[in-house]
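Chemist: Note that the protein sequences, when read in sequence, are chains W and C.
Anchor point for the first sequence: position 122 equals 122 in UniProt numbering, and the numbering is continuous, going up by one each time.
Anchor point for the second sequence: position 106 equals 106 in UniProt numbering, and the numbering is continuous, going up by one each time.
From the three backbone atoms N, C-alpha and C, an ideal C-beta is built for every residue, glycine too.
From a predicted model like this one, the values you see are computed outputs, not experimental measurements.
Number of protein chains: 2
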Amino acid sequence: MNLPPLVQTFVLHFGEMGSRWGINRTVGQIYALLYLSKEPLNAEDIVERLGVSRSNVSMGLKELQAWNLVRLQHKPGDRRDYFSTPDDIWQIVRTLVEERKKREIDPTMTLLREVLMQEPASTEERHAQERMREMHDLFELLTGWYADVQRLDTERLVQLLTLGSKVQKILEMKDRLFVVPGSKKSRRDDPKDK
Amino acid sequence: MNLPPLVQTFVLHFGEMGSRWGINRTVGQIYALLYLSKEPLNAEDIVERLGVSRSNVSMGLKELQAWNLVRLQHKPGDRRDYFSTPDDIWQIVRTLVEERKKREIDPTMTLLREVLMQEPASTEERHAQERMREMHDLFELLTGWYADVQRLDTERLVQLLTLGSKVQKILEMKDRLFVVPGSKKSRRDDPKDK
DNA sequence: CACATATTTCAGAAAATACTGAAACTTCAG
DNA sequence: CTGAAGTTTCAGTATTTTCTGAAATATGTG
Numbered sequence: 001m002n003l004p005p006l007v008q009t010f011v012l013h014f015g016e017m018g019s020r021w022g023i024n025r026t027v028g029q030i031y032a033l034l035y036l037s038k039e040p041l042n043a044e045d046i047v048e049r050l051g052v053s054r055s056n057v058s059m060g061l062k063e064l065q066a067w068n069l070v071r072l073q074h075k076p077g078d079r080r081d082y083f084s085t086p087d088d089i090w091q092i093v094r095t096l097v098e099e100r101k102k103r104e105i106d107p108t109m110t111l112l113r114e115v116l117m118q119e120p121a122s123t124e125e126r127h128a129q130e131r132m133r134e135m136h137d138l139f140e141l142l143t144g145w146y147a148d149v150q151r152l153d154t155e156r157l158v159q160l161l162t163l164g165s166k167v168q169k170i171l172e173m174k175d176r177l178f179v180v181p182g183s184k185k186s187r188r189d190d191p192k193d194k
Numbered sequence: 001m002n003l004p005p006l007v008q009t010f011v012l013h014f015g016e017m018g019s020r021w022g023i024n025r026t027v028g029q030i031y032a033l034l035y036l037s038k039e040p041l042n043a044e045d046i047v048e049r050l051g052v053s054r055s056n057v058s059m060g061l062k063e064l065q066a067w068n069l070v071r072l073q074h075k076p077g078d079r080r081d082y083f084s085t086p087d088d089i090w091q092i093v094r095t096l097v098e099e100r101k102k103r104e105i106d107p108t109m110t111l112l113r114e115v116l117m118q119e120p121a122s123t124e125e126r127h128a129q130e131r132m133r134e135m136h137d138l139f140e141l142l143t144g145w146y147a148d149v150q151r152l153d154t155e156r157l158v159q160l161l162t163l164g165s166k167v168q169k170i171l172e173m174k175d176r177l178f179v180v181p182g183s184k185k186s187r188r189d190d191p192k193d194k
């Protein structure tokens, strides 16, 4: 591995972190490298800097492309593929969340919906279904929230996040100003709320 | 594997999902089983239902305990260990986020802080540091937001999530109502905002 | 304390995943 | 069409991870 110490530390860390995330070490390292690099890199650059095989880099880049995490581009008069990450880190976050949702939440939701359609054949199944419904509703709430804030432009999003729970204060203020008549309680409430 | 079909579907799915999450199949399956089960289960119950070895279950339970994801309890006159998941799914979410933060974000933040202290030895390192600072600031914003909303009780949290970006509307309204004089812009703004 | 029950540990087998080098394929310039 | 440059694929190997059975350890009970 042939990198400035500062960069190497980060690249190595990301490689290890990758494992906890279900992506392999090389993929993590490639991504970290591209993230830190000012200029787009071609496959050979990556091979040199990380000291892994050309084919491994090829596979890694393919995976990163499948995740939409890297951008492929060309330099005039050079037919090699160059790769980079978006300059805007918020774009990266958005892509990451989007892709993870697609791979992890969506299939789970499909399965939950299917299972929830079925007729429980026992008390045990009935209870299991109830638990699955809770999970389904939770995911729905969470993805709904995400779909919603995801549309905000970055500035407003940051504003919202910075505010955090202080929003709550404003909400209360609003409630006091405009008394909402009988805000409907449709969802059956879970009594246990520790 | 000896489970009602409906439960089996879910358990199997979670097992597979586990792989994408850096936890192994058995751990995923054990957790899914406990999540769906009305009654706490002991290790032998789990062995029977999942059809894996006793030692594998022991390891799996140990890992789930390390994650704080299962609760250990005892039945009177029975010295076996029984395991269950919290009834409140929001408690589960909180634990999950907490633990992932502890294992993934915190070590990364430590590393970022260390690296940001160092003196860059080249333009390349300078740029890399700049990128790391962006990541650092991003994580700080995100964890700050989380630390904040995490304190809300579940009802208010749900309220907030349900509202989503509509909060924005209320914020604008507030701004119009109470014109804040010279709202200080402490945080240095990133010019690129695509 | 001895015996039964319950749990954990651990070395090695089995399975899954990552990685490599060589070959195959693609694209483009001349 | 040919060959050079670039990229991907793939079969085999290496590495890592998961899983098991057997042994060790712990925790009661009579």
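1. To which residues of the same chain is C:Val52 closer than 7 angstroms at the C-beta, ignoring the five residues directly before and after it?
2. Using a Cβ cut-off of 8 angstroms, pull out every chain W residue sitting near C:Arg103, in sequence order please.
3. Can you list the alpha helix (DSSP H) stretches of 4 or more residues lying completely in the segment 26 to 102 of chain C, in chain order?
4. Can you pull the chain C residues whose beta carbon is under 8 angstroms from the beta carbon of W:Gln129, in chain order?
5. For a quick check, are the C-beta atoms of W:Leu163 and W:Met135 less than 8 angstroms apart?
6. Taking Cβ-Cβ distances below 8 angstroms as the criterion, which residues of the segment 38 to 69 of chain C are in contact with chain W?
7. Whose C-alpha, out of C:Leu157, C:Val47 and C:Pro107, is nearest the C-alpha of W:Phe14?
8. Hey, quick one: how far does the alpha helix (DSSP H) through C:Ala147 stretch, first residue to last?
9. Could you tell me if C:Leu72 is buried or exposed, where buried requires 16 or more neighbouring beta carbons within 10 angstroms of its beta carbon?
10. W:Leu12 to C:Thr123, Cα distance in whole Å?
11. Helix, strand or coil: how does DSSP classify W:Leu171 here?
12. Determine the direct distance from the alpha carbon of C:Gln168 to that of W:Leu160, and round the result to whole angstroms.
13. My understanding is that W:Arg54 touches W:Ala43, with C-beta atoms under 8 angstroms, so please give their C-beta distance in whole angstroms.
14. Could you tell me which chain C residues have their CB closer than 7 angstroms to the CB of W:Arg156, listed as they occur along the chain?
15. Could you check whether the Cβ of W:Arg188 sits closer than 8 angstroms to any Cβ belonging to chain C?
16. Just to make sure I have the definition right: I need the residues of chain C whose C-beta is within less than 9 angstroms of the C-beta of W:Thr83. Which are they?
17. Using only alpha-carbon positions, find the residue among W:Pro76, W:His127 and W:Asp45 that is nearest to residue 198 of chain W.
18. Taking 8 angstroms as the CB-CB limit, is W:Thr162 close to chain C?
19. Does the CB of C:Asp193 have a neighbour CB from chain W at under 8 angstroms?
20. Is there a Cβ of chain W sitting closer than 8 angstroms to that of C:Phe10, yes or no?
21. So is C:Ile30 in contact with chain W if we call contact Cβ pairs under 8 angstroms?
22. At which residues does the alpha helix (DSSP H) containing C:Gln159 begin and terminate?
23. On a CA-only basis, which of W:Val158, W:Glu155, W:Ser165 and W:Arg49 is nearest C:Leu157? Give me that one, please.
24. What residues from chain W crowd round C:Gly144, counting only those whose CB sits closer than 9 angstroms?
25. Tell me the rounded alpha-carbon separation between residue 223 of chain W and W:Val70.
26. When burial is assigned at 16 or more other CB atoms within 10 Å of the CB, is W:Met132 buried or exposed?
Modeler: In terms of the structure at hand:
1. For C:Val52, same chain residues with a beta-carbon under 7 angstroms away, outside a window of 5 residues either side, are Thr26 in chain order.
2. Listed by position along chain W, the residues whose Cβ is nearer than 8 angstroms to that of C:Arg103 are Arg20.
3. With a minimum length of 4 residues, the continuous alpha helix (DSSP H) runs that stay inside the segment 26 to 102 of chain C are 43 to 50, 54 to 66 and 89 to 100.
4. The answer, in chain order, is Leu6.
5. Cβ atoms of W:Leu163 and W:Met135: not closer than 8 angstroms.
6. From the segment 38 to 69 of chain C, only Lys38 have a Cβ closer than 8 angstroms to chain W.
7. The closest CA to that of W:Phe14, considering only C:Leu157, C:Val47 and C:Pro107, is found on C:Pro107.
8. Run containing C:Ala147: Thr123 to Val149, per the alpha helix (DSSP H) assignment.
9. So C:Leu72 ends up on the exposed side.
10. CA-to-CA, the gap between W:Leu12 and C:Thr123 works out to about 21 angstroms.
11. Here W:Leu171 sits in helix by DSSP.
12. One C-alpha to the other measures close to 8 angstroms.
13. Right, the Cβ-Cβ distance comes to about 7 angstroms (below 8 angstroms), so this counts as a contact.
14. In chain order: Gln168.
15. Unreliable placement is indicated for W:Arg188, whose pLDDT of 43 sits below 50; no coordinate value is reported for it.
16. Here residue 83 of chain W is Phe; the residue named in the question, Thr, does not match the sequence. Per Cβ cutoff of 9 angstroms: no residues; W:Phe83 is ~15 angstroms from chain C at best.
17. Given that chain W is displayed from residue 1 to residue 194, the structure contains no residue 198 of chain W and the question cannot be resolved.
18. At least one chain C Cβ lies under 8 angstroms of W:Thr162.
19. Caution is warranted here: a pLDDT of 42 is assigned to C:Asp193, below 50, making its placement in the model unreliable, and the coordinate value is therefore given only provisionally. Chain W contact via Cβ: present.
20. A Cβ of chain W is located within less than 8 angstroms of the beta carbon of C:Phe10.
21. No, C:Ile30 does not count as interfacial toward chain W.
22. Run containing C:Gln159: Thr154 to Leu163, per the alpha helix (DSSP H) assignment.
23. Closest option to C:Leu157, judged by alpha-carbon separation, among W:Val158, W:Glu155, W:Ser165 and W:Arg49: W:Ser165.
24. The answer, in chain order, is Leu161, Thr162 and Gly164.
25. Lying outside 1 to 194, the shown extent of chain W, residue 223 of chain W is not represented and no answer is given.
26. Under this definition W:Met132 is a buried residue.
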